[in-house]
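Peer 1: In my numbering, the protein residues as written are 1254 to 1496. Below you will find the structure I want to go over with you.
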């Protein structure tokens, strides 16, 4: 039977040291250097408060977008769903999700972030925006299909690159400034498209009517600077790879 490595330890006490964010052990008995190092490595992988907000967007964003798709694709087929999920509710929930994106950035600055969090945050943003984009474009927003498709290819390439470099500790997985701008334009576009349903409920039943009112026009125009920022972000990543 394997011996217990902690059996001979008479007294162990631990205290946290803020410097370096590591844990220092004071003890008498067997040497716990290896155990302390293993614990510190494990502690660094623990999710920070900001990461939980990213998970909220990653999980609940696509769920609410799926509800939006059902209501737009099959009007009247889910009366209970339509009773609770008004278009105003979708717009409010989307704003709440955007607020969590801002808040997790603040929390990461205050309490520190992790490499996993730097990877998770832009992934959650893409999951949120693309689930809503799909719900809109495959129901009422076919006019924006080409623009969104090109934008999706750019985001897919960016996500693939970030996933690849995540395995390389010396590479940066954080979103660059152009990527953050792209996220802002894309989010604003979705918000204006949702606002179209709130201000002009009759547009739900007609793709032609939907694109004739001003909120949808602004939303469509905002997709183009998002596309430009996505292209520039990819160029920046390519330059980083060359370096």
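Beta carbons are placed, not taken as given, at the ideal position from N, Cα and C, and that holds for glycine.
#1: Give every residue of the same chain whose Cβ lies closer than 6 angstroms to the Cβ of residue 1436, excluding the five residues on either side of it in the sequence, and list them in chain order.
#2: Below 9 angstroms between beta carbons: does that hold for residue 1483 and residue 1404?
#3: Tell me the DSSP secondary structure of residue 1336 in three-state form.
#4: Relative to the alpha-carbon of residue 1383, which residue among 1355, 1363, 1412 has its alpha-carbon at the smallest distance?
#5: From this set, 1397, 1464, 1309, 1460, which residue's C-alpha is nearest residue 1355's C-alpha?
#6: Express the C-alpha separation of residue 1364 and residue 1471 in angstroms, rounding to a whole number.
#7: Which of the three DSSP states, helix, strand or coil, is assigned to residue 1436?
#8: Rounded to the nearest angstrom, what separates residue 1353 and residue 1341 at their Cα positions?
#9: Using 10 angstroms around the beta-carbon of residue 1386, count the other beta-carbons present and answer buried if the total reaches 16, otherwise exposed.
#10: Output the boundary residues of the alpha helix (DSSP H) element that contains residue 1419.
#11: Determine the contact status of residue 1400 and residue 1462, defining contact as a CB-CB distance below 9 angstroms.
#12: Label residue 1328 either buried or exposed according to how many other C-beta atoms from any shown protein chain fall within 10 Å of its C-beta, with 16 as the threshold for buried.
#13: With C-beta atoms as the reference, is residue 1475 less than 9 angstroms away from residue 1431?
#14: What's the gap between the Cα of residue 1487 and the Cα of residue 1418?
#15: Please state the DSSP three-state secondary structure of residue 1349.
#16: Does the Cβ of residue 1489 have 16 or more other Cβ atoms within 10 Å, making it buried, or fewer, making it exposed?
#17: Given this structure, state the Cα-to-Cα distance separating residue 1371 from residue 1473, to the nearest angstrom.
#18: Between the region 1337–1351 and the region 1447–1458, are three or more C-beta pairs nearer than 8 angstroms?
#19: Provide the residue span of the alpha helix (DSSP H) that contains residue 1324, from first to last.
Peer 2: So, to answer that:
#1: As a first step, residue 1436 must be located in the chain shown, where it is residue number 183. When the five nearest sequence neighbours on each side are left out, the beta carbons in the same chain lying within less than 6 angstroms of the beta carbon of residue 1436 are those of 1378, in order along the chain.
#2: Translated into the one-based positions of the chain shown, residue 1483 becomes position 230. Translated into the one-based positions of the chain shown, residue 1404 becomes position 151. Yes; because the gap between Cβ atoms is below 9 angstroms, this pair is in contact.
#3: Looking up residue 1336 in the chain shown gives position 83. Helix at residue 1336.
#4: By 1-based counting over the chain shown, the position of residue 1383 is 130. Residue 1412 is the option with its Cα nearest to residue 1383.
#5: Against the chain shown, residue 1355 aligns to sequence position 102. Here the closest residue by C-alpha is 1309.
#6: Along the chain shown, one-based indexing puts residue 1471 at 218. Along the chain shown, one-based indexing puts residue 1364 at 111. When rounded, the distance between both Cα atoms is 37 angstroms.
#7: The residue you call residue 1436 lines up with position 183 of the chain shown. Three-state DSSP puts residue 1436 in a helix.
#8: The residue labelled residue 1353 in the question sits at position 100 within the chain shown. The residue labelled residue 1341 in the question sits at position 88 within the chain shown. Cα-Cα distance, rounded: 19 angstroms.
#9: Taking the chain shown and counting its residues from 1, one reaches residue 1386 at position 133. With 16 or more Cβ atoms within 10 Å of its Cβ, residue 1386 is classed as buried.
#10: Sequence index remark: in the chain shown, residue 1419 carries index 166 (1-based). 1398–1419 is the extent of the alpha helix (DSSP H) around residue 1419.
#11: Translated into the one-based positions of the chain shown, residue 1400 becomes position 147. Translated into the one-based positions of the chain shown, residue 1462 becomes position 209. For residue 1400 and residue 1462, no; Cβs fall outside 9 angstroms.
#12: Along the chain shown, one-based indexing puts residue 1328 at 75. The residue is exposed, with fewer than 16 neighbouring Cβ atoms inside 10 Å.
#13: For the purposes of this step, residue 1475 is taken as residue 222 along the chain shown, with counting starting at 1. For the purposes of this step, residue 1431 is taken as residue 178 along the chain shown, with counting starting at 1. In this structure, residue 1431 does not lie closer than 9 angstroms to residue 1475 by Cβ.
#14: Within the chain shown, the letter at position 234 stands for residue 1487. Within the chain shown, the letter at position 165 stands for residue 1418. Rounded to the nearest angstrom, the two C-alpha atoms are 14 angstroms apart.
#15: Numbered from 1 along the chain shown, position 96 holds the residue referred to as residue 1349. Three-state DSSP puts residue 1349 in a helix.
#16: In the chain shown, counting from the first residue as 1, residue 1489 sits at position 236. By the 10 Å Cβ count, residue 1489 comes out exposed.
#17: Residue mapping note: residue 1371 aligns to position 118 of the chain shown, counting from 1. Residue mapping note: residue 1473 aligns to position 220 of the chain shown, counting from 1. Residue 1371 and residue 1473: Cα-Cα distance of roughly 29 angstroms.
#18: yes
#19: Locating residue 1324 in the chain shown gives position 71, counting from the first residue. That run of the alpha helix (DSSP H) goes 1302–1326.
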